[in-house]
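Below: one structure, written as structure tokens.
There are 2 protein chains.
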Amino acid sequence: MKVNDRKTEIINCAAKLFKEKGYSAVTMRDIAQAMNIKAASLYNHIKSKQEILVLIVIDIAEEFTAVMNDIVSSETSTIQKIEKVIQLHIDITLRNPEALACLNNDWMHLTDEELVYFIKMREEYEQNFREIILKGIENNEIKNLNSEVIIFSMLSTLRTLYLWYGKKKGLTETSLRNHMSEALLRGIV
Amino acid sequence: MKVNDRKTEIINCAAKLFKEKGYSAVTMRDIAQAMNIKAASLYNHIKSKQEILVLIVIDIAEEFTAVMNDIVSSETSTIQKIEKVIQLHIDITLRNPEALACLNNDWMHLTDEELVYFIKMREEYEQNFREIILKGIENNEIKNLNSEVIIFSMLSTLRTLYLWYGKKKGLTETSLRNHMSEALLRGIV
Chain A
1 MKVNDRKTEI INCAAKLFKE KGYSAVTMRD IAQAMNIKAA SLYNHIKSKQ
51 EILVLIVIDI AEEFTAVMND IVSSETSTIQ KIEKVIQLHI DITLRNPEAL
101 ACLNNDWMHL TDEELVYFIK MREEYEQNFR EIILKGIENN EIKNLNSEVI
151 IFSMLSTLRT LYLWYGKKKG LTETSLRNHM SEALLRGIV
Chain B
1001 MKVNDRKTEI INCAAKLFKE KGYSAVTMRD IAQAMNIKAA SLYNHIKSKQ
1051 EILVLIVIDI AEEFTAVMND IVSSETSTIQ KIEKVIQLHI DITLRNPEAL
1101 ACLNNDWMHL TDEELVYFIK MREEYEQNFR EIILKGIENN EIKNLNSEVI
1151 IFSMLSTLRT LYLWYGKKKG LTETSLRNHM SEALLRGIV
């Protein structure tokens, strides 16, 4: 097995443990045990639990940031931009729910420059979304509602999708994508 | 000061500490210190941290349950029922954001019959909401979208309102009530 594959395996295993027990309660020993390897062998790949957290959280935050930057600067309508934001959250939730749980629950355990970097990305993400919404209100593409209510109603739903989607067995990916987009943009009435 | 007032004070103080530090990290000693009383005096009012958690979480869950039961059995349209559910969440969020944070973050620290009772109330609440939505779809009062997508999109937004509402200084209560109801029911387009 390649070193990078092993590292990815460790990260995935740790993300699952963080979700089950909470970041603070998990030790490097727990991770080694769950992977059925010696602690010394774990330390060949990863320096600390903190390093794993950085790899999980920063990696996902950078992906959100990069795609949001593309969306904001794209030459499309406001509605299409919002639809792309919705699909971005669904994409990442379907691909990596454990990492999203880790991002949501444990980002505050980041330290120093990583914490600053994460908060900066999160604020810029919200600011980019805000600009899309404000421009849409200005253009009469979307309703003249309080922009913070729009932003945080949508983000609350999208950011917590990982909590419930996995439990709804009858719900297909296509239904999720189409119906969530419809409900968030055009409502349920 | 009356005994009951003192108890309420203890509960409010504990809820704030749980929010700041996390339930697991808070001790009875911390609560006594924050209230500037002796630990022995605290124990005159409250047996344990667990008792405080029960008082906070079960109290709010019972309020949600009681109002939801009234809404479900009321003789009004589906839209009016959903509007009442939205206003219920906003009411409790505005009145007691710390207790809602405690309910959301710490309910899993309940034990034994209290945990069972809480989970039962939560499931019945979601089931009541589901019945409102399914009846509305059947009556063509609301769109034929996947009911789980509707339920959990709305509940995710309503249940996490306490996280961001307090930070938005320009947002009035009236705007929050009207605009959130409009966005969730009729969308933003």
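So the protein sequences, as listed, match chains A and B. Going letter by letter, the first sequence gives residues 1 to 189 in my numbering. Going letter by letter, the second sequence gives residues 1001 to 1189 in my numbering. C-beta: ideal position from N, C-alpha, C; glycine also. Quick caveat: nothing in here was measured; it's all calculated off a predicted structure.
- Taking 7 Å as the cut-off, the beta carbon of Lys1019(B) is found closer than this to the beta carbon of Glu1098(B).
- When Cβ-Cβ separations below 7 Å define contact, His1089(B) makes no contact with chain A.
- If you look at His1045(B), you'll find it in the alpha helix (DSSP H) that goes 1039 to 1045.
- DSSP places Val57(A) in the helix class (H, G or I) of the three-state scheme.
- Close to chain A, meaning a Cβ-Cβ distance shorter than 9 Å, is no residue of the stretch 1114 to 1132 of chain B at all.
- In the structure shown, Glu1141(B) adopts coil according to DSSP, grouped into three states.
- With distances taken between CA atoms, Asp1091(B) lies nearest to Leu1176(B) out of Ile1052(B), Leu1176(B), Lys1120(B), Asp1030(B).
- Spanning the alpha carbons of Ser1156(B) and Glu131(A) requires a straight line of approximately 23 Å.
- For the 7 Å CB-CB criterion, Val1085(B) and Met180(A) do not form a contact.
- In the DSSP assignment, Asn1178(B) falls within the alpha helix (DSSP H) that extends over 1173 to 1186.
- The beta carbon of Ile79(A) sits closer than 8 Å to the beta carbons of Gly136, Glu141, Ile142, Leu185 from its chain, once the five residues preceding and following it are set aside; these are given in chain order.
- Bounds of any alpha helix (DSSP H) do not take in Ser48(A), whose DSSP letter is neither H nor E.
- Assignment of Asn96(A) by DSSP, reduced to helix, strand and coil, places it in the coil class.
- Contact check for Thr1065(B) against Met1121(B) passes: the beta carbons are separated by less than 7 Å.
- Here Ser1153(B) carries a helix assignment [DSSP, helix/strand/coil].
- Within its own chain, the residues whose Cβ lies closer than 7 Å to the Cβ of Leu94(A), once the five positions on either side in sequence are excluded, are Glu173, listed in chain order.
- Ala14(A) places its beta carbon less than 7 Å from that of Ile31(A).
- Less than 7 Å separates the beta-carbon of Leu1100(B) from that of Tyr1162(B).
- In the displayed model, Ser1073(B) falls within a helix according to three-state DSSP.
- Around the C-beta of Val116(A), fewer than 16 other C-beta atoms lie within 10 Å, and the residue is accordingly described as exposed.
- At a cut-off of 4 residues, the continuous stretches assigned as alpha helix (DSSP H) that sit fully inside the stretch 109 to 141 of chain A are 112 to 138.
- In the three-state reduction of the DSSP assignment, Gly1022(B) falls in the coil class, being assigned neither a helical nor a strand state.
- Of the residues assessed, Glu1062(B) falls on the exposed side of the cut-off, its CB having fewer than 16 other CB atoms within 10 angstroms.
- Judged by their CB atoms, Ile1046(B) and Ile1010(B) are nearer to each other than the 7 Å cut-off.
- Flagged as an interface residue toward chain A: Leu1185(B), by a C-beta distance shorter than 7 Å.
- For Gly1166(B), same chain residues with a beta-carbon under 8 Å away, outside a window of 5 residues either side, are Pro1097 in chain order.
- Collapsing the DSSP output to three states places Val189(A) in coil.
- In this structure, the straight-line span from the alpha carbon of Thr1111(B) to that of Asn1044(B) is close to 23 Å.
- The C-beta distance from Leu1053(B) to Asp1106(B) rounds to 6 Å, short enough to meet the 8 Å contact threshold.
- A check of alpha carbon separations from Met35(A) across Ile60(A), Lys7(A), Asp59(A), Tyr23(A) identifies Lys7(A) as the nearest.
- For the options Tyr1125(B), Ser1147(B), Asn1178(B), Ile1082(B), the alpha carbon positioned closest to that of Ser147(A) is the one of Asn1178(B).
- Any Cβ of chain A closer than 7 Å to the Cβ of Phe1018(B) would place that residue at the interface, and such an atom is absent.
- Cβ-Cβ separation between Leu103(A) and Val57(A): approximately 5 Å, consistent with a contact (criterion under 8 Å).
- For Trp1164(B), the uninterrupted alpha helix (DSSP H) segment begins and ends at 1161 to 1164.
- The beta carbon of Met108(A) sits no closer than 7 Å to any beta carbon of chain B.
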